[in-house]
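In my numbering, the protein residues as written are 667 to 1065.
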Amino acid sequence: MKPSKHVRVSDLQGASRLAIEATRGITDLAEALHAKIAAPFGMADRQRADRTSGITGFVYKSVRGVTGAVGGGIDAALSLFQRADTSEDSSFERDAAISALNGVLGDHLVKTENALAIPMSIRFNQKPIDFAAPLAKQCPNVSGKIALFVHGLCMNDRQWLRAGHDHGAAIEKACGFTPLYVRYNTGQHTSINGAALSNLLEMLSQSWPAPIEEIIIVAHSMGGLVSRSAIEQARESSAKWQRKVSKVFFLGTPHHGAPLERGGSWIDIVLGATPYTKPFARLGKIRSAGITDLRYGNVLERDWSNDASARITTALPSNIQCFAIAATTGKSTRDLRDALLGDGLVPVASALGKHRLIKHRLAFPEANTWIAFERNHMDLLSDGEVCEQMVRWIRGADK
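Dropping the structure here:
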């Protein structure tokens, strides 16, 4: 089997496993619905409420057995070709597709040890840095000033290049910072990704070819939550890398959550309200841990709660300058589109750290906030004015 930039053998193995798991899931759903209908008025055995008995139960059990056997055969066959698939090249389209899949099912991919799960890496010139090897050869001609870019949900590092513009290249040209890009599984909890990022940055700080003078972080959407998590966990563990961080720029980060995910939680409640719709509630739960963390902007493990009143807000780091950029499709903050949609995904107030309860507000100085009007969430990745504003802040022109 010839390696391809678009599809690898490991991709096929991962996809086949997902297909088998999906078939089993649909079988479980069908049997659960069958069991509910066959046992009206709530008279079903609660311990086996999602299972049927007799011949019907035997049929469903047989389907699961055949599915597992077929899946094992496919996996074994593809393993024969695994050694031939050693290419590190990957197309933009492949990376985008796998990143989107990780955003939706990333925690499941890790749990099932699926080859499609994305391991976290820090990348230079689109190649992952190998911390087991000397960095001088991997990262030649670098600066002691580093700009780290952390992407958002369902995305990857290559998507910072959009509409012919890359904030990293622009900031390098204007301010002399070497751009590095994080790639990670956005379907995992932000706290898990935060811990992994902190560990990688600690290794980076110990092996970077040039003495590190300064680190700035540019984070889009969920990437901002992951960055805050990494900084806070680094502070708690006394990691040295965070002492080099001078500035963090949050682009459309849902510090206080995203309404679309909160709306999704209502689906869970509504579908689970009656015996006949309850089996379908599991469909509403096909949201990764990362997506669920967007509900209230969870940063640390202690934030994992569905009860908003119990949420503890992690404060911005006091030793680092933090800047927030929000976007809105409206022409002003009084525009109806601004009030209803914000940037289409994240409300302006959430992106700026504002909250009706004082205890949840993030202390961004007014001079450290900026709103991009008539732009959407994705425009923040490539908008020239957004980049110019960050450059002004980096240079200190707005102090």
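All C-beta atoms, glycine included, are put in the ideal place defined by N, C-alpha and C.
Handout entry: Exposure of Arg977, with buried meaning 16 or more beta-carbon neighbours within 10 Å
Key = buried
Handout entry: For Lys811: DSSP bridge partner residues
Key = DSSP lists Glu880 as partners of Lys811.
Practice task
Could you tell me whether the Cβ atoms of His921 and Gly1010 are closer together than 7 Å?
Solution key: In this structure, Gly1010 does not lie closer than 7 Å to His921 by Cβ.
Practice task
Tell me, please, whether the region 818-834 touches the region 1049-1061 by the rule of three or more beta-carbon pairs shorter than 8 Å.
Solution key: The way I'd put it, the region 818-834 does touch the region 1049-1061; three or more beta-carbon pairs between them come closer than 8 Å.
Handout entry: Limits of the unbroken beta strand (DSSP E) element including Ala990
Key = Gln987 to Thr994
Exercise for the section: Report yes or no: do three or more beta-carbon pairs, one from the region 795-812 and one from the region 848-859, lie closer than 8 Å? Expected result: With a cut-off of 8 Å, the region 848-859 and the region 795-812 do not count as touching, because too few Cβ pairs lie within range.
Exercise for the section: Compare the beta carbon distance of Asp755 and Arg824 with 7 Å and say whether it is the shorter of the two. Expected result: Contact flag unset, no.
Exercise for the section: Express the C-alpha separation of Thr778 and Ala640 in angstroms, rounding to a whole number. Expected result: Because residue 640 is not part of the residues shown, which for the chain are 667 to 1065, the question remains open.
Handout entry: Counted within 10 angstroms of its Cβ, other Cβ atoms place Ile1024 as buried (16 or more) or exposed
Key = That one is exposed.
Handout entry: is_contact[Ala896, chain E] using C-beta, thresh 7 Å
Key = Annotation note: the requested chain E is absent from the structure, which comprises a single protein chain.
Practice task
Could you say which of Val808, Val884, Asp969 and Trp907 lies nearest to Gly923 if we only look at CA atoms?
Solution key: Asp969
Handout entry: Cβ-Cβ distance between Ala783 and Leu775 below 7 Å
Key = yes
Problem - Contact the region 993-1000 vs the region 883-892: 3+ CB pairs below 8 Å - result: no
Practice task
Return helix, strand or coil for Trp970, following the three-state DSSP convention.
Solution key: coil
Practice task
Would you mind giving the Cβ-Cβ distance between Ile881 and Ile812, rounded to the nearest angstrom? I have them listed as a contact below 8 Å.
Solution key: Contact between Ile881 and Ile812 holds: CB atoms are separated by about 5 Å, below the 8 Å threshold.
Handout entry: Identity of the residues DSSP links to Pro845 by a beta bridge
Key = Ala813
Problem - Beta-carbon proximity of Leu819 to Gly769, cut-off 7 Å - result: yes
Problem - Same chain, Cβ closer than 6 Å to Asp711, neighbours up to 5 away in sequence not counted - result: Unreliable positioning characterises Asp711 in this predicted model, as indicated by a pLDDT of 49, which lies under 50. The coordinate reading is nonetheless provided below. The beta carbon of Asp711 lies closer than 6 Å to none in the same chain, with the five residues before and after it left out.
Handout entry: Contact under 7 Å by Cβ, Cys988 with Pro875
Key = no
Problem - Extent of the continuous alpha helix (DSSP H) run through Phe1030 - result: Per DSSP, Phe1030 belongs to no alpha helix (DSSP H) and is neither H nor E.
Practice task
Would you kindly work out how many angstroms separate the C-alpha atoms of Ser809 and Glu879, rounded to a whole number?
Solution key: 9 Å
Handout entry: Close-in-space but distant-in-sequence residues of the same chain around Leu867 (CB under 6 Å, 5 per side omitted)
Key = Trp907
Practice task
Tell me His1060's beta-bridge partners as DSSP assigns them.
Solution key: Note that residue 1060 corresponds to Ile in the displayed sequence, not to His. BP columns for Ile1060 are empty, so no partner.
Practice task
Taking only heavy atoms of the ligand FMN into account, decide whether any of them is closer than 6 Å to the Cβ of Asp761.
Solution key: What this structure holds is no ligand at all, so the ligand FMN is not there to describe.
Problem - Minimum C-alpha distance to Glu759 - residue among Glu838, Thr856, Ile897 and Asn822 - result: Selected option, being the one with the closest Cα: Asn822.
Exercise for the section: Leaving out five residues on either side along the sequence, give the residues of the same chain with a beta carbon under 7 Å from the beta carbon of Asp1049. Expected result: Ala1038 and Arg1041
Handout entry: Whole-angstrom distance between Ile858 and Gly1008, CA atom to CA atom
Key = Roughly 28 Å between the two C-alpha positions.
Problem - Segment limits, alpha helix (DSSP H) that includes Lys803 - result: Leu801 to Gln804
Problem - Reference Ala781; option with closest CA among Phe790, Leu863, Ser765 and Phe916 - result: Ser765
Practice task
Measure the alpha-carbon distance for Thr844 versus Pro1013 and round it to whole angstroms.
Solution key: 32 Å
Practice task
May I ask you to report which of helix, strand or coil DSSP gives Ile1024?
Solution key: Helix, per DSSP.
Practice task
Use the C-beta contact count for Gln899: other C-beta atoms within 10 angstroms, 16 or more gives buried, fewer gives exposed.
Solution key: buried
Exercise for the section: Return yes when the Cβ of Phe790 is within less than 7 Å of the Cβ of Leu827, no when it is not. Expected result: no
Exercise for the section: Determine the extent of the beta strand (DSSP E) in which Ile897 is found, giving its start and end residues. Expected result: First-last for Ile897: Met888 to Glu902, but that is the alpha helix (DSSP H), not the beta strand (DSSP E).
Practice task
Would you kindly report the start and end of the unbroken beta strand (DSSP E) that includes Lys913?
Solution key: Val911 to Leu917
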